[in-house]
Amino acid sequence: MQRYLDGEVDTVAAGELLGSALRGGAVVYLGGHLGAGKTTFCRGVLQSFGHAGAVKSPTYTIVEPYQAGGVNVYHFDLYRLGDPEELEYMGIRDYFDNDAVCLVEWPERGVGVLPLADIMVSIEAQGTGRLLAARSATPRGQQILAQLSKYETD
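Count along the sequence shown from 1, then add 28; that gives the number in our numbering.
Structure representation (structure tokens):
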């Protein structure tokens, strides 16, 4: 799936669209440079579950938990992580149960500790906007993207 994002409103809307297909839980990796819109995209995912409050980047806390629409959503930002082993000390595996939605910014910093992503999203600058690309990495991810294509054609 690819989509051109023409600003913050489009980025939030794209997150809401993905969130609408994550009802059974999933691990989503988010790639892109600093300021690409990853946290804005996460705000859209959270809004799809009914979250109406602020969504901040958990750069210093590493994880920000949300309970929205009866779903546990965990927003990770691993930018400041010094070593992937630090994730083991914080009990990272406890967050990744089958029903939780885990949104992971800077997943490359957790290699070897993080579970595989179901969906890998990248947000990159293109012209005056951004290009969002999403691809599946597991059978669950394939189902999610198939559901998204259904939403886009309805």
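Here a beta-carbon is modelled for each residue, glycine too, at the ideal position from N, C-alpha and C.
Because the structure is a prediction, the values reported are computed rather than measured.
- Around ALA54, the same chain offers VAL129, CYS130, ASP146, ILE147, ARG168, GLY169, ILE172 as residues with beta carbons nearer than 8 Å, after the five sequence neighbours per side are excluded.
- In this structure, DSSP gives SER164 an extended state, which the three-state scheme calls strand.
- Contact annotation: TYR102 and PRO93 have beta-carbon atoms nearer than 9 Å.
- DSSP places ILE90 in the coil class of the three-state scheme, outside both helix and strand.
- Here ALA64 is buried: its Cβ has 16 or more other Cβ atoms, across all protein chains shown, within 10 Å.
- Nearest in C-alpha terms to THR156, of all of GLN30, GLY35, ARG31, is GLY35.
- Two segments are said to touch when three or more pairs of C-beta atoms, one from each, lie closer than 8 Å; by this definition the region 40 to 52 does not touch the region 113 to 120.
- PHE104 carries a strand assignment under DSSP once its states are collapsed to helix, strand and coil.
- For GLY72, the enclosing alpha helix (DSSP H) starts and ends at 66 to 76.
- Per the coordinates, the alpha-carbon of ASP38 lies some 16 Å from the alpha-carbon of VAL83.
- Beta-bridge partners of ALA54 (DSSP): VAL129.
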